[in-house]
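This report refers to the structure that appears directly beneath it.
There are 2 protein chains.
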Amino acid sequence: MYYKPEIIIRIQKKHRRKDNKTIDTRQALFDAVLELMNRDKSFEAISLREVTREVGINPSAFYRHFPDMNTLGLELVSLSFKTLRQLLKEVRANPVQGSNVIRKSVETFVTYVLAHPRHYHFVIRARLGGVATIRTAIDSELRLLVSELSTDLAQQLNTDTWSTDELKMLAGLMVGAMTRIVEQLLIDNRYHQNIVELIDLGEKQLRLILLGASQWRSQT
Amino acid sequence: MYYKPEIIIRIQKKHRRKDNKTIDTRQALFDAVLELMNRDKSFEAISLREVTREVGINPSAFYRHFPDMNTLGLELVSLSFKTLRQLLKEVRANPVQGSNVIRKSVETFVTYVLAHPRHYHFVIRARLGGVATIRTAIDSELRLLVSELSTDLAQQLNTDTWSTDELKMLAGLMVGAMTRIVEQLLIDNRYHQNIVELIDLGEKQLRLILLGASQWRSQT
DNA sequence: ATATAATGTGAACACTTGTATTATAAACCG
DNA sequence: CGGTTTATAATACAAGTGTTCACATTATAT
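Chains A and B supply the protein sequences, listed in that same order. Okay, so the first sequence: first residue is 1 according to our numbering, each after it adds one. Okay, so the second sequence: first residue is 1001 according to our numbering, each after it adds one.
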């Protein structure tokens, strides 16, 4: 009898693409979906065949990597948030110093989003899209983000005047404002809002929110 | 030669639905799309045939009312915003009086949204959906809303400390917060957030924003 | 009552879709 | 090397799609 390892190491096939670069097919499938969404398709409207066509493989080969489009989408969600979580980790490790903290934070955030535009484009679009499982996955990731941010805020604010619910309320407001900025940054930027203007906008909104927070008094 | 009237009065056919209520087919098509979106489909993923099936007419009959799904969607956008615009008109005519202005405003807004849930469900979903024309239509409606709100705010705030851009920034923050509330109200309300909690949340967020606004000083 | 315009039907078209089966080719391991 | 696993291809099928066309029905107005 042979020893059967519990952990199966997934060996990934290489596949040759149009541009002659070899790439993991699995990764290529992710990229294809992101690319198709970037061409103005909602995730739900992307067919399995379209994806494989984009990658350049046979439709049936798709099933070697994912049972269906839905699970691909779910993996794409956790993949996208993994990178964001890492950014926040780094920021927490090296807190922004000096004056203009808000400005600098918004700047690093925006440049980060612009470094991974497809992932955030996907998240923002799928957040309210037609596939319930993906929607809820994104939603719980965002809720996690709000929770983390509210514990961070708890250390900065007076816990006498701030209940945990109110901290979440504040964090939600901040995350919401930043989400808006990302939306304007990545979708239909036809109003010629340049990046600097958007950073300006985000900075001012955050500043106003934090100004309100500094004056906050809990009213039953 | 006959007199050709410039204004063509559209005579609408009655159509019998499952529930035996007669209804304009055109209206029935709108309703069918809203209903299908309510069953967790993004607009882009709804087929013309599905819609006609829902209404109970032949697919080809669709073309008697709309040239394609896209224009139906665009009409649905202006239809949805027409009702919202009316609410705001009424509010402006009869401003909320007395104490707790913010609370009352949020309450009337929420009850209003709950009175037309399908329309706002559609708007919120299609805002970031896959069809570019619809997306931009919704976006410009929202921008109009922000502009209107910022002129309203201009009358309440000191114009020395508030530039028009900053007024829009503030209005955008408020509209954004309310949009969030509607999203949580109409989509996947699986966290059992009841309506009162959501009104509470919205009220606090608006209060915090306005608190910040009252302290605002423009920083170049 | 009858002509006219507005709405609806039914069948057909050329495509696209997801998935299953069977076969081929490539990578891996002993 | 040879054998086994894994990835991909080829082909097929039933079901669904948008759109068109010729025709039938219904409503309205003269």
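In this text, a Cβ means the ideal position worked out from N, Cα and C, and glycines have one as well. Bear in mind that the values here come from a model prediction, so they are computed numbers and not experimental data.
Asked: Segments of 3+ residues assigned as beta strand (DSSP E) that fall wholly inside the stretch 107-143 of chain A; Found: none
Asked: A/S60 beta carbon near the ligand ADP (any heavy atom closer than 7 Å); Found: Annotation note on the ligand ADP: not contained in the displayed structure, which lists no ligands.
Asked: Backbone CA spacing between B/S1218 and B/T1159 [nearest angstrom]; Found: 11 Å
Asked: Where B/G1098 falls, given that 16 or more other Cβ within 10 Å makes a residue buried; Found: exposed
Asked: Collapsed DSSP secondary structure at B/I1225 in the structure displayed; Found: Missing from the structure shown is residue 1225 of chain B; chain B here goes from 1001 to 1220 and no further.
Asked: Cβ distance (whole Å) where B/F1030 is taken to contact B/L1076 below 8 Å; Found: 6 Å
Asked: Beta-carbon proximity check, B/L1208 vs A/A213, cutoff 8 Å; Found: yes
Asked: Environment of A/R63 [buried if 16+ CB atoms lie within 10 Å]; Found: Rather than Arg, the amino acid found at residue 63 of chain A in this sequence is Tyr. Exposed, because fewer than 16 other Cβ atoms sit within 10 Å of the Cβ of A/Y63.
Asked: Inter-stretch contact (C-beta, 8 Å, three-pair minimum) for the stretch 1034-1041 of chain B and the stretch 1049-1062 of chain B; Found: yes
Asked: Check whether A/L74 and A/I124 have beta carbons under 8 Å apart; Found: no
Asked: Chain B residues whose Cβ lies nearer than 9 Å to that of A/D40; Found: G1130, V1131, A1132, R1135
Asked: Closer than 7 Å at the beta carbon, the chain A residues around B/Q1215; Found: L211, Q215
Asked: 6 Å CB neighbourhood of A/K104 in its chain, flanking five on each side removed; Found: V96
Asked: Span of the alpha helix (DSSP H) around B/N1070; Found: 1069-1093
Asked: Proximity test, Cβ basis, 8 Å: A/E148 and chain B; Found: no
Asked: Within 8 Å of chain A by C-beta, residues of the stretch 1162-1175 of chain B in sequence order; Found: E1166, M1169, L1170, G1172, L1173
Asked: Proximal residues, the stretch 1084-1110 of chain B versus chain A, C-beta separation under 9 Å; Found: none
Asked: Three-way DSSP call (helix, strand, coil) for B/T1159 in this model; Found: coil
Asked: Of the residues A/W216, A/A61, A/Q27, A/S78, the one placed nearest A/I138, counting alpha carbons only; Found: A/S78
Asked: Backbone CA spacing between A/K41 and A/H119 [nearest angstrom]; Found: 14 Å
Asked: Contacts of A/K204 in chain B (Cβ-Cβ under 8 Å); Found: E1166, M1169
Asked: The stretch 1177-1188 of chain B: positions lying closer than 8 Å to chain A by Cβ; Found: A1177, R1180, E1183, I1187, D1188
Asked: Bounding residues of the alpha helix (DSSP H) (the contiguous stretch that carries B/I1187); Found: Taken as a continuous stretch (DSSP letters only), B/I1187 belongs to no alpha helix (DSSP H), as it is neither H nor E.
Asked: Segment limits, alpha helix (DSSP H) that includes B/R1049; Found: 1048-1055
Asked: Within chain A, partners of B/R1125 - CB distance below 9 Å; Found: L128, G129, G130
Asked: Neighbour-count burial assignment, A/W216, 16 or more Cβ in a 10 Å radius; Found: buried
Asked: Touch test, the stretch 1196-1203 of chain B against the stretch 184-202 of chain A, Cβ-Cβ under 8 Å, three pairs minimum; Found: no
Asked: Option in A/L153, A/V106, A/G176 with minimal Cα separation from A/E166; Found: A/L153
Asked: Other residues of its chain near B/P1059: CB distance less than 6 Å, five sequence neighbours each side excluded; Found: R1049, T1052
Asked: Min CB distance B/I1009 to chain A below 8 Å; Found: Model confidence at B/I1009 stands at a pLDDT of 39, short of 50, so the residue's coordinates are unreliable; what they give is reported in the following sentence. Taking Cβ atoms only, chain A never reaches closer than 8 Å to B/I1009, which makes this a no.
Asked: Option in A/F43, A/A28, A/L72 with minimal Cα separation from A/G56; Found: A/A28
Asked: Straight-line gap, A/V113 to A/L88 (C-alpha atoms, nearest Å); Found: 12 Å
Asked: Three-state class that DSSP yields for A/K104 in the structure shown; Found: helix
Asked: Residues that A/L72 contacts on chain B, provided the C-beta gap is smaller than 9 Å; Found: Here the premise fails: no neighbours, minimum Cβ distance about 16 Å.
Asked: Buried or exposed by the 16-neighbour rule on C-beta atoms within 10 Å, applied to A/A171; Found: buried
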